Amino acid sequence: MQPDAAAPSKRRWRERVEWLVDHFRAEWQIYVMLAPMIIWFIVFLYKPMYGLQIAFRDYSVFRGIAASPWVGLEHFETLFSNSQFLRAVKNTVYISALSLIFGFPVPILLALMFNEILNEFYKRTAQTIVYLPHFISTVIIAGIVITAFSPSAGIVNTVLGWFGIDSIYFLIKPEWFRPIFIGSGIWQEAGFSSIVFLAAIAGVNPSLYESAVVDGASRWQMMWRITIPSIMPTIIIMLIIRIGNLMEVGFELIILLYQPATYQTADVINTFIYRQGLQSGQYDLAAAAGFFNAVVAFILVMIANTLSKRYSRTSLW
Amino acid sequence: MRIFALLAAFLAAMAMSTPTFADGHLKIVDEPLELTVHMHHKRYPAYDENWPVEQEARRLTNIHLKNATIGSNTTNSGEAMNLLLASGSIPDIVGTSRIKDVVNQYGPQGAFMPLNDLIDEHAPHITAFFEKFPDIKSAMTAADGNIYYIPYLPDGKYGRAYFIRHDWLDKLGLEVPQSVDEVKSVLEAFRDQDPNGNGQQDEVPYFARQWEELIRLVTLWDGRSSGSDTYHDFYVDNGTIRHPYAGEGYREGIKNLAQWYAEGLIDPEVFTRGSSAREYLLSENLGGMTHDWFASTSGYNTTLQGKIDGFVFKAFAPPASISGARIEEHRRIPVKPDGWAIGGANSHPVETIKYFDFWFSPEGRNVVNFGVEGVHWEMQDGKAIFTDVILGSGRPVNSQLYEIGAQLHARGYYQDYGYEIQWSNSYALEGIALYDEGDYLIDQFLGVAFNEEEQAVYDKHWTSVRTYMLERQQVWILGGGDVEAEWDDYLADLDKMGLNKVLEAMQSAYNRQYGS
Numbered sequence: 007m008q009p010d011a012a013a014p015s016k017r018r019w020r021e022r023v024e025w026l027v028d029h030f031r032a033e034w035q036i037y038v039m040l041a042p043m044i045i046w047f048i049v050f051l052y053k054p055m056y057g058l059q060i061a062f063r064d065y066s067v068f069r070g071i072a073a074s075p076w077v078g079l080e081h082f083e084t085l086f087s088n089s090q091f092l093r094a095v096k097n098t099v100y101i102s103a104l105s106l107i108f109g110f111p112v113p114i115l116l117a118l119m120f121n122e123i124l125n126e127f128y129k130r131t132a133q134t135i136v137y138l139p140h141f142i143s144t145v146i147i148a149g150i151v152i153t154a155f156s157p158s159a160g161i162v163n164t165v166l167g168w169f170g171i172d173s174i175y176f177l178i179k180p181e182w183f184r185p186i187f188i189g190s191g192i193w194q195e196a197g198f199s200s201i202v203f204l205a206a207i208a209g210v211n212p213s214l215y216e217s218a219v220v221d222g223a224s225r226w227q228m229m230w231r232i233t234i235p236s237i238m239p240t241i242i243i244m245l246i247i248r249i250g251n252l253m254e255v256g257f258e259l260i261i262l263l264y265q266p267a268t269y270q271t272a273d274v275i276n277t278f279i280y281r282q283g284l285q286s287g288q289y290d291l292a293a294a295a296g297f298f299n300a301v302v303a304f305i306l307v308m309i310a311n312t313l314s315k316r317y318s319r320t321s322l323w
Numbered sequence: 073m074r075i076f077a078l079l080a081a082f083l084a085a086m087a088m089s090t091p092t093f094a095d096g097h098l099k100i101v102d103e104p105l106e107l108t109v110h111m112h113h114k115r116y117p118a119y120d121e122n123w124p125v126e127q128e129a130r131r132l133t134n135i136h137l138k139n140a141t142i143g144s145n146t147t148n149s150g151e152a153m154n155l156l157l158a159s160g161s162i163p164d165i166v167g168t169s170r171i172k173d174v175v176n177q178y179g180p181q182g183a184f185m186p187l188n189d190l191i192d193e194h195a196p197h198i199t200a201f202f203e204k205f206p207d208i209k210s211a212m213t214a215a216d217g218n219i220y221y222i223p224y225l226p227d228g229k230y231g232r233a234y235f236i237r238h239d240w241l242d243k244l245g246l247e248v249p250q251s252v253d254e255v256k257s258v259l260e261a262f263r264d265q266d267p268n269g270n271g272q273q274d275e276v277p278y279f280a281r282q283w284e285e286l287i288r289l290v291t292l293w294d295g296r297s298s299g300s301d302t303y304h305d306f307y308v309d310n311g312t313i314r315h316p317y318a319g320e321g322y323r324e325g326i327k328n329l330a331q332w333y334a335e336g337l338i339d340p341e342v343f344t345r346g347s348s349a350r351e352y353l354l355s356e357n358l359g360g361m362t363h364d365w366f367a368s369t370s371g372y373n374t375t376l377q378g379k380i381d382g383f384v385f386k387a388f389a390p391p392a393s394i395s396g397a398r399i400e401e402h403r404r405i406p407v408k409p410d411g412w413a414i415g416g417a418n419s420h421p422v423e424t425i426k427y428f429d430f431w432f433s434p435e436g437r438n439v440v441n442f443g444v445e446g447v448h449w450e451m452q453d454g455k456a457i458f459t460d461v462i463l464g465s466g467r468p469v470n471s472q473l474y475e476i477g478a479q480l481h482a483r484g485y486y487q488d489y490g491y492e493i494q495w496s497n498s499y500a501l502e503g504i505a506l507y508d509e510g511d512y513l514i515d516q517f518l519g520v521a522f523n524e525e526e527q528a529v530y531d532k533h534w535t536s537v538r539t540y541m542l543e544r545q546q547v548w549i550l551g552g553g554d555v556e557a558e559w560d561d562y563l564a565d566l567d568k569m570g571l572n573k574v575l576e577a578m579q580s581a582y583n584r585q586y587g588s
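Chains G and S, in that order, are what the protein sequence lines are. Heads up: the first sequence is residues 7 to 323, going by the numbering used here. Heads up: the second sequence is residues 73 to 588, going by the numbering used here.
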């Protein structure tokens, strides 16, 4: 019995190794191309996870991570008894949800519009103009926003003045912070994000359009019946990625634009972490806040992926 | 006569060659000794062995510092410090801005050496300094009773002052305001009577580069805005630690400043205009009054001469508050949290503390303040006077000094105000004389060193309390709430967020440190 049972499993194991060796010999270029990305993930995403444990320790920079004493959930208790942290969570969700609702459709619309432009020169010029803000650094964007919305010299208030509206000091009014932040985000990124959708549109089989033309379909009908359904998988994937990043608000721009007067609507988890962790040196508490953020983000991705798998059979994994 | 003349000549020669005779008396070691140094400051992110000041110190002491700075690619000294600590190997000497809290926290863990015994035994000049200024010694002491760093000690008292456009006052036939009510009527006149004469009401009566300088005005209603040269700091009221933003005078001040803001007496963009506000508003002939540094603000009288007709922007005495008190809240603090310390693994602590002491000796103090004798300065009537190399170049003196390695605040030394007087313009000196005469400065809170328990209380509550205070402060000034009506709720919220616990922790640290 024994030798009989062992022999086939041994043979199978050897076959598997031989297959692997052959496979690597044949496809090694692909693995070499994959390597930088894997190394990047290990060095910048997996290795730092080791440091996450400081969320549960009383961290001292000098003692190091391993030698700092454990404190259990103390930092999480501190966080959840802090009204400013709870407010930051609420603001994060608000700002993210609003930018998703208003920001997500814009690049799709842009891509569809670019696709309908027939004049090649006009199309390229328009594309370049909307891509450009993406390449401007956040500090400059903040400078442009502050200047544009300034009550004395800003273009926005100048235009409002033509209609007899008193100038508004936008950047210190809590109610204006979210529209300005989300709007400037759309202005900066919508053009560049539309590239993905343009690529998806370019990948649609031309024979579909040809047969539609033969059947006498209008351009409008072609867009609704062919283009949008064809790029739906791309849209869903992009949506899942967006939802996964829902908790990652672009906090650099917030730090540059917010004021104590607008904390009420502008303070998000990441800016809270910045103030507590970097400015006040409480790395352990900030790590706890970041850990919470990451857990929520992970749950959101799981939910989005499951829903997508169930309803559209498109998913990340 | 001949003999006398000869003798005189001989004595003169003796005096001239004294440095050569004296050469060697500052030597700490016979054989050159190398020590590693981490030195980080936003103006000089690494130690440079080629600094003339380093070379001079090396010649005089035989101690040779070798650069071992970590984090030179960042301008943020705190970040560089954390990188250094996390690396686990601390160089022989560590110098940086804001070193105090770092050494007080990590010194007891072994990262830095306690200096008390070393100073007592080997540092006569530092000891002499402490005997002269016992309060400063208390301010430097950590919670465990040890001293872990040698600070940068600024000299000269004056920092900021009230400045106003004297030519505008003359043009409108107004006197320099002497009280809070007169300030208000002057600012109203600046707003309404077109002192810049361009036919538009575009004047900005009160402006500030840092919006905190607007809050500074609460002192005109007997409030406080800070207890030290750091904004929003605690202050000491007869031995009791308080926070300015929980006081009656502050409430009154904010109420009135909100009204001034609503009436257009304060730059409407004061919270967002930022650091270029002074440059812009003065050179565009728009700004009327501010509260800013003596030297740099007086400098505009020179730079804008000929560009704006009759431009005179001069310091004036602090206006009397509603109770008649005239105070200038800002001054240079006598001890900064910047400086240097000895790494815990340094195997030459005695030589190192002697090296630290060298910079407090008369010779070392001249080198660190003025540069190299005979090159950057010369002795005249017992005083170090800058040569043309420094004064004649037309560039700001302090940045020239950083370049040669002098006046580095990441080094522990006692500044000599004589260095600044030599290049302050006449307007600044006139203003300082005015403030000297009136004796308007008040005592500063020099900070406390927490023990671990107190530190934990402070860390847990303070950032949130401070955030809340600043948030309400801006909202009130901008008219988004009524400080009078909300005051009791505000105090209750502060208590709920832990202000009183923070104050208790500070008080216990204060009592331990300053002995009361």
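Yeah, the Cβ is synthetic: ideal placement off N, Cα and C, and Gly gets one too. Keep in mind the model is a prediction, meaning the values are calculated, not measured.
With a CB to CB cut of under 7 Å and the five nearest residues on each side skipped, what residues in its chain are close to residue 246 of chain S?
-> Same-chain partners within the cutoff: 258 and 261.
So, are the CB atoms of residue 322 of chain S and residue 296 of chain S less than 9 Å apart?
-> Yes; because the gap between Cβ atoms is below 9 Å, this pair is in contact.
Would you kindly work out how many angstroms separate the C-alpha atoms of residue 144 of chain S and residue 471 of chain S, rounded to a whole number?
-> Their backbone Cα atoms lie some 19 Å apart in a straight line.
Does residue 574 of chain S get closer than 9 Å to chain G when you measure Cβ to Cβ?
-> With 9 Å as the cut-off, residue 574 of chain S does not count as an interface residue toward chain G.
For residue 550 of chain S, go through chain G and note every residue whose CB falls closer than 9 Å to its CB, in chain order.
-> What residue 550 of chain S touches in chain G: 175, 178, 179 and 267.
When you compare only the Cα positions, how much space is there between residue 27 of chain G and residue 116 of chain G?
-> Approximately 48 Å between the Cα atoms of the pair.
Among residues of its own chain, excluding the 5 on either side of residue 556 of chain S, which ones have a beta-carbon nearer than 8 Å to its beta-carbon?
-> For residue 556 of chain S, where only same-chain residues beyond five positions count, the Cβ hits under 8 Å are 323 and 327.
Secondary structure of residue 570 of chain S, DSSP reduced to three states = Residue state, collapsed to three classes: coil.
In chain order, what residues of the same chain have a beta carbon less than 6 Å from the beta carbon of residue 353 of chain S, not counting five sequence neighbours either side?
-> A distance below 6 Å between beta-carbons, with the five flanking residues on each side excluded, links residue 353 of chain S to the following residues of its chain, in chain order: 276, 279 and 359.
Under 9 Å between C-beta atoms of residue 263 of chain G and residue 148 of chain G | Going by C-beta atoms, residue 263 of chain G is nearer than 9 Å to residue 148 of chain G.
Can you tell me where the beta strand (DSSP E) with residue 392 of chain S in it begins and where it stops?
-> Neither: residue 392 of chain S is in no beta strand (DSSP E) and is coded neither H nor E.
Residue 181 of chain S CB to nearest heavy atom of the ligand FMN below 8 Å = Absent from the structure shown: the ligand FMN. Ligands present: none.
Where DSSP assigns a beta bridge to residue 388 of chain S, which residues make up the other side?
-> According to DSSP, residue 388 of chain S bridges with S:234.
Closer than 8 Å by beta-carbon distance: list the chain G residues that pair up with residue 543 of chain S, in chain order.
-> 266, 267, 269 and 270, listed in chain order.
Shorter than 9 Å from the beta carbon of residue 23 of chain G to some beta carbon of chain S?
-> Cβ-Cβ to chain S under 9 Å: no for residue 23 of chain G.
Check residue 322 of chain G in the structure and name its three-state DSSP category.
-> Here residue 322 of chain G sits in coil by DSSP.
Within chain S, the residues that residue 286 of chain G reaches when beta carbons sit closer than 8 Å | Within 8 Å Cβ-Cβ: 531, 534 and 535.
Contacts of residue 67 of chain G in chain S (Cβ-Cβ under 8 Å) | The answer, in chain order, is 154, 157, 158 and 178.
Along the region 81 to 114 of chain G, what residues have a CB closer than 7 Å to any CB found in chain S?
-> For the region 81 to 114 of chain G, the residues whose beta carbon sits under 7 Å from a beta carbon of chain S are, in order, 84, 88 and 90.
Which runs of the alpha helix (DSSP H), 4 residues or longer, sit entirely within the region 145 to 206 of chain G?
-> Listed in chain order, the alpha helix (DSSP H) elements of length 4 or more contained wholly in the region 145 to 206 of chain G are 161 to 168.
Under 6 Å Cβ to Cβ from residue 400 of chain S, same chain only, skipping five residues before and after it: list those, please.
-> Around residue 400 of chain S, the same chain offers 390, 512 and 513 as residues with beta carbons nearer than 6 Å, after the five sequence neighbours per side are excluded.
C-beta atoms of residue 520 of chain S and residue 569 of chain S nearer than 9 Å | No, these two residues do not count as a Cβ contact at 9 Å.
Rounded to whole angstroms, how far is the Cβ of residue 213 of chain S from the Cβ of residue 430 of chain S, which I believe are closer than 8 Å?
-> No, residue 213 of chain S and residue 430 of chain S are not in contact; Cβ-Cβ is about 23 Å, not under 8 Å.
Using 9 Å as the limit for Cβ to Cβ distance, is residue 133 of chain G near chain S?
-> The beta carbon of residue 133 of chain G sits no closer than 9 Å to any beta carbon of chain S.
Taking residue 239 of chain G as the reference, give the member of G:194, G:111, G:320 and G:196 with the closest Cα.
-> Out of G:194, G:111, G:320 and G:196, G:320 has the C-alpha closest to the C-alpha of residue 239 of chain G.
Which value, in whole angstroms, describes the spacing of the CA atoms of residue 323 of chain G and residue 180 of chain G?
-> Put simply, the backbone Cα of residue 323 of chain G is about 40 Å away from that of residue 180 of chain G.
Residues that DSSP places opposite residue 458 of chain S in a beta bridge | DSSP output for residue 458 of chain S lists S:449 as bridge partner(s).
CB-CB length for residue 517 of chain S against residue 215 of chain S, believed under 8 Å = Taking a contact as a CB-CB distance under 8 Å, the pair residue 517 of chain S and residue 215 of chain S does not count as one, their CB atoms being some 17 Å apart.
So, is the C-beta of residue 227 of chain S closer than 9 Å to a C-beta in chain G?
-> Cβ-Cβ to chain G under 9 Å: no for residue 227 of chain S.
Applying a beta-carbon distance threshold of less than 8 Å, which residues of chain S neighbour residue 152 of chain G?
-> Proximity of chain S to residue 152 of chain G at the Cβ level (cut-off 8 Å) is accounted for by 344, in chain order.
Pairwise C-alpha distance: residue 155 of chain G and residue 182 of chain G = Each residue's alpha carbon lies about 11 Å from the other.
Which first and last residues belong to the beta strand (DSSP E) in which residue 544 of chain S is found?
-> No beta strand (DSSP E) contains residue 544 of chain S, which is instead part of the alpha helix (DSSP H) from 524 to 549.
Going by CA-CA distance only, name the one from S:529, S:418 and S:374 that's closest to residue 581 of chain S.
-> Check the Cα spacing between residue 581 of chain S and each of S:529, S:418 and S:374: the tightest is with S:529.
Of the residues S:420, S:572 and S:146, which one's Cα is nearest the Cα of residue 116 of chain S?
-> Comparing alpha-carbon positions, the option among S:420, S:572 and S:146 lying closest to residue 116 of chain S turns out to be S:146.
Look up residue 314 of chain S in the DSSP assignment and say whether it is helix, strand or coil.
-> In the structure shown, the three-state DSSP call for residue 314 of chain S is strand.
List the residues of chain G whose Cβ lies closer than 9 Å to the Cβ of residue 340 of chain S, in chain order.
-> Under a criterion of Cβ atoms nearer than 9 Å, the residues of chain G adjacent to residue 340 of chain S are, in order, 157, 158, 173 and 175.
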